[in-house]
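Peer 1: Please see the structure below; I have some questions.
Numbering (this note's numbering), first residue to last: 42 to 359.
Now the structure itself:
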């Protein structure tokens, strides 16, 4: 969290556009970063898109766990598509300007999809909790209607709050600078340009982070504490290994996403740094979507088998 108060009046201007500085501090790496980000984006689309397809078409993956995984992979595609194409465009054209409206839209979409990811990761942890701790009740508790409601709730629950928060931030007056020291329009760097008393805005950002980041994270921690306790009581070492293997992939994504997000939104003003913000943002906007297909496909035999079957069918058709 940043905390500042700038004087009202003086060098105020009605901004029509911002400038995303992004990678401007490393001009000699512009084309290398352009190529790298293009490759990463294609990999994210291909990897997560493949998971979406195989969880839909393979009959062996028609279970709640893979229903949530398919939705999560689709979410990752949406999430990264809000920021990464713009980063690539800015590197290719060296035109770093973004209109006031486009900046607000990008921030709003990022916040909504980020909140959705937090809730969906919590739902996936709850699914594993029921499957491992209450296996006899699992088919009844996690039926198709409940799974659909949990996914829909995850997608829409953050929309009103995040639209309101974005509107509140972009209704602030801004100082003479329109340069955002970031890759995209995220809350900390944009709020850093605002003038006047922004304590209320910072409190709302902190409250939003508690609701949409901390609460889901605590629910995940609670679920996995119960899961670990149950798994350790299993008599078979093989059963323990299988249960831990199923959950470890999800935990890897959780720690990567929540770790970077919480450091970004819960840091104090003393430790606030534009460079640190940029590095951390890459973890929850680019690295997590990139690693999602790898941790779920390489560490999951069911997904690997389904992928082989799907590729075999495609090559047979051709």
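We put the CB at the ideal spot given by N, CA and C, even for glycine.
Taking the CB atoms as reference points, tell me whether residue 239 and residue 59 lie closer together than 8 Å.
Peer 2: Their beta carbons are not under 8 Å apart, which means residue 239 does not touch residue 59 by this criterion.
Peer 1: Answer with buried or exposed for residue 206, where buried requires no fewer than 16 other C-beta atoms within 10 angstroms of its C-beta.
Peer 2: When all chains shown are included, residue 206 counts as buried.
Peer 1: To test your reading of the DSSP string, which unbroken alpha helix (DSSP H) runs of 4 or more residues are found completely within the region 185 to 234?
Peer 2: Complete alpha helix (DSSP H) runs here, min 4: 185 to 197, 200 to 211, 228 to 232.
Peer 1: Please state the DSSP three-state secondary structure of residue 140.
Peer 2: Three-state DSSP puts residue 140 in a strand.
Peer 1: Could you tell me whether the region 67 to 82 touches the region 248 to 260, using the rule of 3 or more Cβ pairs below 8 Å?
Peer 2: With a cut-off of 8 Å, the region 248 to 260 and the region 67 to 82 do not count as touching, because too few Cβ pairs lie within range.
Peer 1: Could you name each continuous alpha helix (DSSP H) segment of 4 residues or more that falls completely within the region 324 to 356, going from the start of the chain to the end?
Peer 2: Within the region 324 to 356, the complete alpha helix (DSSP H) runs of at least 4 residues are 329 to 339.
Peer 1: Leaving aside the five residues before and after residue 337 along the sequence, list all residues of the same chain whose C-beta is less than 7 Å from its C-beta, in chain order.
Peer 2: The answer, listed in chain order, is 92, 110, 290, 344.
Peer 1: Could you compute how far the alpha carbon of residue 247 sits from the alpha carbon of residue 187?
Peer 2: When rounded, the distance between both Cα atoms is 31 Å.
Peer 1: Thinking residue 61 and residue 112 are a contact (beta carbons under 8 Å), I'd like their distance in whole angstroms, please.
Peer 2: Incorrect: roughly 30 Å between the Cβ atoms, too far for contact.
Peer 1: Which runs of the alpha helix (DSSP H) at least 4 residues long sit entirely within the region 64 to 111? Give them in chain order.
Peer 2: Entirely contained in the region 64 to 111, the alpha helix (DSSP H) runs reaching 4 residues are, in chain order, 71 to 98.
Peer 1: Using the rule of at least 16 other Cβ atoms within 10 Å of the residue's Cβ for burial, across every protein chain shown, is residue 52 buried or exposed?
Peer 2: At residue 52 the pLDDT is 49, less than 50, meaning the model places this residue with poor confidence; the figure from the coordinates comes in the next sentence. When all chains shown are included, residue 52 counts as exposed.
Peer 1: To the nearest angstrom, how far is it from the Cα of residue 346 to the Cα of residue 286?
Peer 2: When rounded, the distance between both Cα atoms is 16 Å.
Peer 1: Quick check: the Cα distance between residue 214 and residue 63, rounded to an integer number of angstroms?
Peer 2: Cα to Cα, the separation comes out at about 23 Å.
Peer 1: Is it the case that the region 115 to 133 contacts the region 218 to 235, given that we only count it when at least three CB pairs across the two stretches are under 8 Å?
Peer 2: With a cut-off of 8 Å, the region 115 to 133 and the region 218 to 235 count as touching, because enough Cβ pairs lie within range.
Peer 1: Quick check on DSSP: helix, strand or coil for residue 61?
Peer 2: In this structure, residue 61 counts as strand in the three-state DSSP scheme.
Peer 1: Starting from the C-beta of residue 163, find all residues in its chain whose C-beta is less than 7 Å away, skip the five residues before and the five after it, and write them out in chain order.
Peer 2: Excluding positions up to five away in sequence, the list reads 257, 260, 261.
Peer 1: With contact counted as at least three CB pairs below 8 Å, one residue from each stretch, are the region 265 to 272 and the region 173 to 190 in contact?
Peer 2: Enough Cβ pairs lie closer than 8 Å, so yes.
Peer 1: Given a cut-off of 8 Å, decide if residue 57 and residue 379 are closer than it, judged by their beta-carbon atoms.
Peer 2: Outside the shown range of the chain, which is 42 to 359, sits residue 379, and nothing can be said about it.
Peer 1: Would you mind giving the Cβ-Cβ distance between residue 330 and residue 85, rounded to the nearest angstrom? I have them listed as a contact below 8 Å.
Peer 2: Confirmed, about 5 Å.
Peer 1: What does the alpha-carbon distance come out to for the pair residue 168 and residue 183?
Peer 2: Whole-angstrom Cα-Cα distance: 7 Å.
Peer 1: Is DSSP giving residue 311 helix, strand or coil here?
Peer 2: At residue 311, the pLDDT of 47 sits below 50, so the modelled position is not reliable and the matter cannot be decided from this model.
Peer 1: Just how far apart, CA to CA, sit residue 362 and residue 282?
Peer 2: The structure shown does not extend to residue 362, since the chain is modelled only from 42 to 359, so the question has no answer here.
Peer 1: Taking the alpha helix (DSSP H) that residue 259 falls in, what are its first and last residues?
Peer 2: Unbroken alpha helix (DSSP H) run through residue 259: 256 to 273.
Peer 1: Tell me which residues share the same chain as residue 119 and place their Cβ nearer than 7 Å to its Cβ, disregarding the 5 neighbours each side in the sequence.
Peer 2: Correct list, in chain order: 154.
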